[in-house]
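Going by this note's numbering, the first residue of the sequence shown is number 652, and it counts up by one from there.
For reference, the structure is listed below as structure tokens.
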Amino acid sequence: MFLYGYFEYLLWMLPALIISAIAQAKVSGAYNKNSKIQNSRGISGAEAARRVLAANGVTGVNIATTPGKMTDHFDPRDNTIYLSEGVCNATTIAAVGIASHEAGHAVQHATGYMPNKVRSALVPITRIGSTLGWILLIVGFIFSGYYYYTTTDPNSTTYKIGGVLIVLGILLYSTSLIFTLVTLPVEFNASKRALKTIEETRMLEGEEYKGAKSVLSAAAMTYVAAAFTALLQLLRIIAIAKRRR
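Right under this line is the structure:
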């Protein structure tokens, strides 16, 4: 029974696992390659972020260093761009691309970019939904007799309660998929803003620009992979729910 469930999970999720592995390999390869190449203008990640902010008329955004590798992010709560140690003061092609991308998020926040506002609003809902959703699903499947060898009477109150819990669990868990889908335009738009500013201000040109673009394009694919994984997971849960009938 356990092995069957394990292999069934692999059958459902194998495409997502393959795509995720490819996306991670591409982003690691692009980052490792371009984090070893210094840009000809000697622009650091922090300076690149400042230039993107200035070019878009955004002020009052702080820039700070955060420990770790590829831990760069913009935090709207304190209006700060956090750049990893390998990006903040580094003058590599990858550093300029990544820092400019995070500055793109700061610009989105400052200009009220709608998908970004929607994603921010979904954060607490998704945290609760993804956790509570799994709990309701497990309890619902137990109540409906899915984990038993005998079949529960479909007309029993327990079975019906289990069905309601499963539906509620699916609805709550679906917030994870919605969040990943909303994340896509936010991430693509941040990269678009970054690359546009890099090109217009000539921070990077020629092969250097292509290198930064490859890093951001590879990173964007990881979000596509995450959305695809969330979709397959939800479809798998729905398929299991239908089987209980």
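For every residue, glycine included, the Cβ atom is placed at its ideal position computed from N, Cα and C.
{"Query": "Report the three-state DSSP secondary structure of T801 (helix, strand or coil).", "Result": "Its pLDDT being 48, under 50, T801 is placed unreliably by the model, and the measurement read from it follows with that caveat. Residue state, collapsed to three classes: coil."}
{"Query": "Mapping DSSP to helix, strand and coil, what is Y764?", "Result": "coil"}
{"Query": "From this set, L885, H752, A754, which residue's C-alpha is nearest T831's C-alpha?", "Result": "L885"}
{"Query": "Measuring alpha carbon to alpha carbon, tell me which of S691, I829, I732, A715 ends up nearest G862.", "Result": "S691"}
{"Query": "Exposed or buried, what is M765 when buried is set at 16 or more other beta-carbons lying within 10 Å of its beta-carbon?", "Result": "exposed"}
{"Query": "I need the straight-line Cα distance from T782 to F792, nearest angstrom please.", "Result": "16 Å"}
{"Query": "Quick check on T717: does DSSP put it in helix, strand or coil?", "Result": "strand"}
{"Query": "Out of curiosity, what's the CA-to-CA distance linking T616 and A706?", "Result": "This structure cannot settle anything about residue 616, because the visible part of the chain is limited to 652 through 896."}
{"Query": "Where does I812 sit, in a helix, a strand or coil, going by DSSP?", "Result": "helix"}
{"Query": "When the Cβ atoms of the stretch 765 to 777 are set against those of the stretch 733 to 752, are three or more pairs found closer than 8 Å?", "Result": "no"}
{"Query": "N740 and N713: beta carbons closer than 9 Å?", "Result": "no"}
{"Query": "Our contact map puts A750 next to L704 with C-beta atoms below 8 Å; I'd like the distance itself, whole angstroms only.", "Result": "Their Cβ separation, rounded to whole angstroms, is 10 Å, which puts A750 and L704 out of contact at 8 Å."}
{"Query": "Just the C-alpha distance for N767 and T834, rounded to the nearest angstrom, thanks.", "Result": "8 Å"}
{"Query": "So for L734, helix, strand or coil by DSSP?", "Result": "strand"}
{"Query": "Once the 5 residues before and after V709 are set aside, which same chain residues still bring their CB inside 7 Å of it?", "Result": "A757, V758, A761"}
{"Query": "Which residues in the same chain have their Cβ closer than 6 Å to the Cβ of V837, if we skip the five residues on either side of it in sequence?", "Result": "P766, N767, R770"}
{"Query": "What separation, rounded to the nearest whole angstrom, lies between the Cα atoms of L882 and Y874?", "Result": "12 Å"}
{"Query": "Please report the distance separating the alpha-carbon of D726 from that of H752.", "Result": "13 Å"}
{"Query": "Considering only their Cβ atoms, is the gap separating G814 from I888 smaller than 9 Å?", "Result": "no"}
{"Query": "Can you list, in chain order, the residues of its chain whose CB lies under 8 Å from that of V738, leaving out five sequence neighbours each side?", "Result": "G696, D723, A745, A746, I749, A750"}
{"Query": "Express the C-alpha separation of A700 and Y733 in angstroms, rounding to a whole number.", "Result": "10 Å"}
{"Query": "Excluding five sequence neighbours on each side, which residues of the same chain lie with their C-beta closer than 7 Å to the C-beta of A892?", "Result": "I817, I821"}
{"Query": "Measure the Cβ-Cβ separation of V678 and A870 and say whether it is below 9 Å.", "Result": "yes"}
{"Query": "Is it buried or exposed, A877, if we count other Cβ atoms within 10 angstroms and call 16 or more buried?", "Result": "buried"}
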